[in-house]
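A.B. asks:
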Amino acid sequence: MQLEFSPADEQFRNEVASWLRDHLCGEFAAIRGRGGPGDEHHFVDERKAWERTLAEGGWTCIGWPEQWGGRGATIEQQVIFNEEYARAGGPGRLGHIGETLTGPTLLAFGSEQQKQRYLPDIRAGQAFWCQGYSEPGAGSDLSNIKTRAEWDEQERVWRFYGQKVWTSLAHESDFIFVLARTDVSQRGHRGLSFFLVPLAQEGLEIRPITQLTGTAEFNEVFFDGACCSPEDLVGEEGDGWRVAMGLLGFERGVSTLGQQMLFQVELDEVIRLAKENGASRQPALRQRIAEAHIGLRTLRYNSLRMLSGEDDGSLSREAMIYKLAWSNWHRNLGKLAMDVLGPEAELVESAPYELNRLQSLFLFTRADTIYGGTNQIQRNLIAERALGMPREPRGDA
Amino acid sequence: MLLESAERFLGEHSSSQVVRAAAELPSGVDLALWSRVTEELGWQVVAIPEACDGLGLGAVELVILLEKLGARLSPIPFFASALAAMILRTVPTSPEQTRLFEALAGGAVVAFAHTDARPDWNEVGVKVSSAGAPHIAELNGEARYVIAGGVAEQLLVAARGEGGVRLFSVPSDAPGVSVRHRPTVDQTRSLAEVTLTGVLVEPGCELAADWERGLGVSLDMARILSAAEQVGCAQEALDMTVAYVGERVQFGRTIASFQAVKHKAADMMLKVESARSLLYYAACTADAWLQGSADDQALREAAAMVASAAGDTAFFVTGTGIQLHGGVGITEEYDIQLYFKRARALEAYLGRPDESRERLAQMLLDGPELEGTVHAA
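Here it is as structure tokens:
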């Protein structure tokens, strides 16, 4: 296991850090550390301006090939970028769906025309994307998609009917990629197709979902005849599942160290608070704080193991446990933060429901063990793919 | 390469029958197997300096071997041999140090004896007294829970004297030394009790004076090496459990197909892989300490983290392993119980996981800040 990066990579780290130091200031000072999970709805205009500044500096889409404006950055360099970005207090990235999902999907499966139409605006921080996978009846069972795409021969467009849900930041985005059923005679992952759809149009409605934190980052997206052109079908008709899943197997934890940097900031805050208010003298809390420290360091070495592993596209055992490990860790930290706060934990900052950072952490981390594959689904995946245990038989309902 | 050859050799020569047979011996050690390991594979030279006929490698290589030995519960004194080498690398150079390195390289068993009946697993636990420095010292007292003590030719004895804790090299057949074998709950790893009565030690056999810091470092090294056995023990318990539930049929299907069982197995793997990630870090930190690029504090932190994680992991995984085996899990016939017993023994050795966490809490909450906790790899 490699615990250190190469001198060339460290040089790259210095370059990233110094650019961020020089640019994440002045008009952008107010958005440092803002817009992360639980705070994504704040400072949207400022964060869009920040995306364009990042783009001008050549710091968007660094993993893309140079031909499309990227740097062709290695996995290590992308990890370092994310780590330094988090260390510098870089605001939550509005461009990350476009950069990490739409872009790579188009690079792998898109037509030349699609690449030319969409990639430059993502790279420039001008077009923002959201993700249209989940539906009310397609959560853990993602392939159970009911949203239909029908071919309108008269207008020569695809028309969409149905509903997507948990669409982060749809109300601040320009496009949504949609996994929809083009062959309603097929079930499961057959008969699905992958489309690129503009959000600002007739027949498409976005409704925010108010969460237990009182804030609304997620949305429902309703389709009632909204359309896209035939050129916006990615891959072949009926090939949507392969397109949607194609890149998941190659995830090697580029964002993990950056995420852990944010976790460390939160843990440091909990430790500082515990020392201040005397919670640090309670033996039971001392145990849990030590456990939190061990857990976060475990995530780090787990990530470094992932990075030191074979780059053959297969998921290693340490990669397979990562989601379950970090989500449990983070959720436990939220509870620990409340317990360290003591009786004060119960009082909100101001009416009607203005939460402080740790209260928000406590409530929002309940989502961590649900989105992106619930803990139950993660355990199924570990048992079936890593341990070779049998799959659960599928019900017929 | 080390890994594959270790797996192959232990698969052939350290079967469940061999382990169970050794448990019947008074010493609990299969000396014939140990001879084969030292003569054919030479693992005992891994951490010995090159100048003393060794390979000059360190904890990274030792934990690879110890993981495999822990997975087989192998009844050989490799842990004691490896720990002795690491302890000797923390003391000042001396002719006795060289002699011991060479003896270890030749396959001699050297055991570490440092604590009494109510162990604090730190310098407070050292109860053997030494008098007479700097001339011939006289050792009196008792050290318990000595791993491989029953087959050791040589003892490394921590003793308390006027200048604090000191470390002595004592032949186990020296006048006044008596070694008593103690059967254990963990039947596959025995412990010994060493009594020293008026044992006279030549000045050259005092390996270190003022050794409190060295004892702390040595115990941290021991925690890291022991964690490797725990990770191996847990991995094997997971593997044998997954194999068992894949064969056991109830309600017309293998019980491995039930989510209640799969999710337990997934939690077992989550813990094993997490402990293994920490173990690799801790081994790198131990080697960095030997090379002077990590300080005592970094080593103490790494050891506390891995001791806590590996201890909890091995106990949880072997205990859950028994549960998933159902009725046969509590029989003498099935091996899972042997792993459970080993996990319990190792969890308590050198301090329970909660004691490790308290040591960490002192570093995090009471002392000066740990610097750059994330970036310091």
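Protein chains in written order, with this note's numbering: chain A, 1 to 397; chain B, 398 to 774.
Think of the CB as a built atom: it goes at the ideal place given N, C-alpha and C, for glycine as much as any other residue.
All values derive from a computational prediction rather than experimental measurement.
Measure from the alpha carbon of residue 484 of chain B to the alpha carbon of each residue in B/460, B/744, B/509, B/464, then state which is nearest.
C.D. replies: Translated into the one-based positions of the second sequence, residue 484 of chain B becomes position 87. The shortest Cα separation from residue 484 of chain B among B/460, B/744, B/509, B/464 belongs to B/509.
A.B. asks: One question on the structure: do residue 630 of chain B and residue 736 of chain B come within less than 9 Å of each other, judged by their Cβ atoms?
C.D. replies: Walking along the second sequence from the start, residue 630 of chain B turns up at place 233. Walking along the second sequence from the start, residue 736 of chain B turns up at place 339. Yes, these two residues count as a Cβ contact at 9 Å.
A.B. asks: In chain A, which residues lie with their C-beta within 7 Å of the C-beta of residue 722 of chain B?
C.D. replies: Here residue 722 of chain B is taken as the residue at index 325 of the second sequence, counted from 1. By Cβ distance, chain A contributes nothing, its closest Cβ being about 15 Å from residue 722 of chain B, past 7 Å.
A.B. asks: What three-state label does DSSP hand residue 552 of chain B in the structure shown?
C.D. replies: Position 155 of the second sequence, counted from the start, is the residue given in the question as residue 552 of chain B. Reduced to three states, the DSSP call for residue 552 of chain B is strand.
A.B. asks: Considering only C-alpha positions, which residue in the set A/9, A/38, A/24, A/22 is nearest to residue 357 of chain A?
C.D. replies: For this step, residue 357 of chain A is matched to residue 357 along the first sequence. Among A/9, A/38, A/24, A/22, the Cα nearest to that of residue 357 of chain A is on A/38.
A.B. asks: Does residue 387 of chain A come within less than 9 Å of chain B when only Cβ atoms are used?
C.D. replies: Locating residue 387 of chain A in the first sequence gives position 387, where the first residue counts as 1. Judged by the 9 Å Cβ criterion, residue 387 of chain A is in contact with chain B.
A.B. asks: Are the CB atoms of residue 307 of chain A and residue 16 of chain A within a distance shorter than 9 Å?
C.D. replies: Here residue 16 of chain A refers to the residue found at position 16 of the first sequence. Here residue 307 of chain A refers to the residue found at position 307 of the first sequence. In this structure, residue 307 of chain A does not lie closer than 9 Å to residue 16 of chain A by Cβ.
A.B. asks: As an exercise, report each continuous alpha helix (DSSP H) stretch of at least 4 residues that is fully enclosed by the segment 505 to 551 of chain B, in chain order.
C.D. replies: none
A.B. asks: Pull the bridge partners of residue 565 of chain B from the DSSP assignment, please.
C.D. replies: In the second sequence, counting from the first residue as 1, residue 565 of chain B sits at position 168. DSSP lists B/554, B/603 as partners of residue 565 of chain B.
A.B. asks: How should residue 532 of chain B be labelled, buried or exposed, when 16 other C-beta atoms within 10 angstroms of its C-beta is the threshold for buried?
C.D. replies: The residue you call residue 532 of chain B lines up with position 135 of the second sequence. Residue 532 of chain B is exposed by the Cβ-count criterion.
A.B. asks: Counting C-beta neighbours from all protein chains within 10 Å, is the total for residue 221 of chain A 16 or more, i.e. buried, or is it exposed?
C.D. replies: In the first sequence, the residue the question calls residue 221 of chain A occupies position 221. With a threshold of 16 other beta carbon atoms within 10 Å, residue 221 of chain A meets it and is buried.
A.B. asks: By the criterion of Cβ-Cβ separation under 7 Å, what are the contact partners of residue 674 of chain B in chain A?
C.D. replies: Along the second sequence, one-based indexing puts residue 674 of chain B at 277. Ordered by position in chain A, the residues that pass the 7 Å Cβ test against residue 674 of chain B are 298, 301, 302, 305, 318.
A.B. asks: Classify residue 677 of chain B as buried or exposed, calling it buried when 16 or more other Cβ atoms lie within 10 Å of its own Cβ.
C.D. replies: Start at 1 with the first residue of the second sequence, and residue 677 of chain B comes out as number 280. Counting Cβ neighbours within 10 Å, residue 677 of chain B comes out buried, since at least 16 surround it.
A.B. asks: Would you verify that the beta carbon of residue 701 of chain B is, or is not, closer than 9 Å to some beta carbon of chain A?
C.D. replies: What you label residue 701 of chain B is simply residue 304 of the second sequence in a count that begins at 1. Judged by the 9 Å Cβ criterion, residue 701 of chain B is in contact with chain A.
A.B. asks: Using the Cα positions of residue 719 of chain B and residue 207 of chain A, report the straight-line distance between them to the nearest angstrom.
C.D. replies: Counting from one through the second sequence, the residue named residue 719 of chain B turns up at place 322. Counting from one through the first sequence, the residue named residue 207 of chain A turns up at place 207. About 51 Å.
A.B. asks: Along the chain, where does the alpha helix (DSSP H) containing residue 710 of chain B start, and where does it finish?
C.D. replies: As a working mapping, residue 710 of chain B is identified with position 313 in the second sequence. Residues 693 to 722.
A.B. asks: What residue range is occupied by the uninterrupted beta strand (DSSP E) comprising residue 222 of chain A?
C.D. replies: Locating residue 222 of chain A in the first sequence gives position 222, counting from the first residue. Unbroken beta strand (DSSP E) run through residue 222 of chain A: 218 to 228.
A.B. asks: For residue 291 of chain A, return the contacting residues in chain B, with the cut-off set at a CB-CB distance below 8 Å.
C.D. replies: The count along the first sequence starts at 1 and reaches residue 291 of chain A at position 291. Residues of chain B passing the Cβ test: 705, 754.
A.B. asks: CB residue 302 of chain A to CB residue 753 of chain B, shorter than 9 Å?
C.D. replies: Position 302 of the first sequence holds residue 302 of chain A. Position 356 of the second sequence holds residue 753 of chain B. Their beta carbons are not under 9 Å apart, which means residue 302 of chain A does not touch residue 753 of chain B by this criterion.
A.B. asks: Just to make sure I have the definition right: I need the residues of chain B whose C-beta is within less than 9 Å of the C-beta of residue 287 of chain A. Which are they?
C.D. replies: Within the first sequence, numbered from 1, the residue matching residue 287 of chain A stands at position 287. Those within 9 Å of residue 287 of chain A in chain B are 751, 754, 755, 758.
A.B. asks: Would the segment 81 to 91 of chain A and the segment 256 to 263 of chain A be scored as touching if the rule is three or more Cβ pairs under 8 Å?
C.D. replies: The answer is yes - the segment 256 to 263 of chain A touches the segment 81 to 91 of chain A, with three or more Cβ pairs under 8 Å.
A.B. asks: Taking the straight line between their C-alpha atoms, what separation do you get for residue 33 of chain A and residue 269 of chain A?
C.D. replies: By 1-based counting over the first sequence, the position of residue 33 of chain A is 33. By 1-based counting over the first sequence, the position of residue 269 of chain A is 269. Rounded to the nearest angstrom, the two C-alpha atoms are 14 Å apart.
A.B. asks: Could you tell me which residues DSSP pairs with residue 750 of chain B in its beta bridges?
C.D. replies: Residue mapping note: residue 750 of chain B aligns to position 353 of the second sequence, counting from 1. In DSSP, residue 750 of chain B forms no bridge with anything.
A.B. asks: Take the Cβ of residue 446 of chain B as the centre, count every other Cβ of all protein chains shown within 10 Å, and call the residue buried at 16 or more, exposed below.
C.D. replies: Taking the first residue of the second sequence as position 1, residue 446 of chain B is located at position 49. That one is buried.
A.B. asks: Does DSSP put residue 146 of chain A in a helix, a strand or coil?
C.D. replies: Taking the first residue of the first sequence as position 1, residue 146 of chain A is located at position 146. It is coil, neither helix nor strand.
A.B. asks: If you measure from the beta carbon of residue 643 of chain B to each beta carbon in chain A, is any gap under 9 Å?
C.D. replies: Numbered from 1 along the second sequence, position 246 holds the residue referred to as residue 643 of chain B. Yes, contact with chain A.
A.B. asks: Which same chain residues, not among the five before or five after residue 225 of chain A, have their C-beta less than 6 Å away from its C-beta?
C.D. replies: The residue labelled residue 225 of chain A in the question sits at position 225 within the first sequence. Once the five neighbours on either side are set aside, the close Cβ partners of residue 225 of chain A are 159, 203.
A.B. asks: Residue 170 of chain A touches chain B at which residues, Cβ-Cβ below 8 Å?
C.D. replies: Working through the first sequence from its first residue, we reach residue 170 of chain A at position 170. What residue 170 of chain A touches in chain B: nothing, since even the nearest Cβ is about 33 Å away.
A.B. asks: For residue 48 of chain A, which residues in chain B fall below 7 Å Cβ to Cβ?
C.D. replies: One-based indexing of the first sequence puts residue 48 of chain A at position 48. What residue 48 of chain A touches in chain B: nothing, since even the nearest Cβ is about 29 Å away.
A.B. asks: Drop a sphere of 10 angstroms on the beta-carbon of residue 25 of chain A, count the other beta-carbons inside from all chains shown, and report buried for 16 or more, exposed for fewer.
C.D. replies: In the first sequence, the residue the question calls residue 25 of chain A occupies position 25. That one is exposed.
A.B. asks: Give me whichever residues DSSP pairs with residue 404 of chain A in a beta bridge.
C.D. replies: This structure cannot speak to residue 404 of chain A, because chain A is shown only from 1 to 397.
A.B. asks: Which whole-angstrom value describes the C-beta separation of residue 138 of chain A and residue 193 of chain A, a residue pair presumed to lie in contact below a C-beta threshold of 8 Å?
C.D. replies: Position 138 of the first sequence, counted from the first residue, corresponds to residue 138 of chain A. Position 193 of the first sequence, counted from the first residue, corresponds to residue 193 of chain A. The pair is not a contact, with the Cβ atoms about 15 Å apart (cut-off 8 Å).
A.B. asks: Can you tell me whether residue 693 of chain B is buried or exposed, with buried defined as 16 or more other CB within 10 angstroms of its CB?
C.D. replies: Within the second sequence, the letter at position 296 stands for residue 693 of chain B. Exposed: under 16 other Cβ atoms inside 10 Å.
A.B. asks: Which residues does DSSP pair with residue 206 of chain A in a beta bridge?
C.D. replies: Locating residue 206 of chain A in the first sequence gives position 206, where the first residue counts as 1. Paired residue(s): A/221.
A.B. asks: Got a sec? Which residues, its chain only, sit under 7 Å from residue 103 of chain A by beta carbon, not counting five neighbours each side?
C.D. replies: The residue you call residue 103 of chain A lines up with position 103 of the first sequence. Same-chain partners within the cutoff: 61, 64, 119, 122.
A.B. asks: Mind checking who residue 130 of chain A pairs with in its DSSP beta bridge?
C.D. replies: Within the first sequence, residue 130 of chain A is the residue found at index 130, counting from 1. According to DSSP, residue 130 of chain A bridges with A/176.
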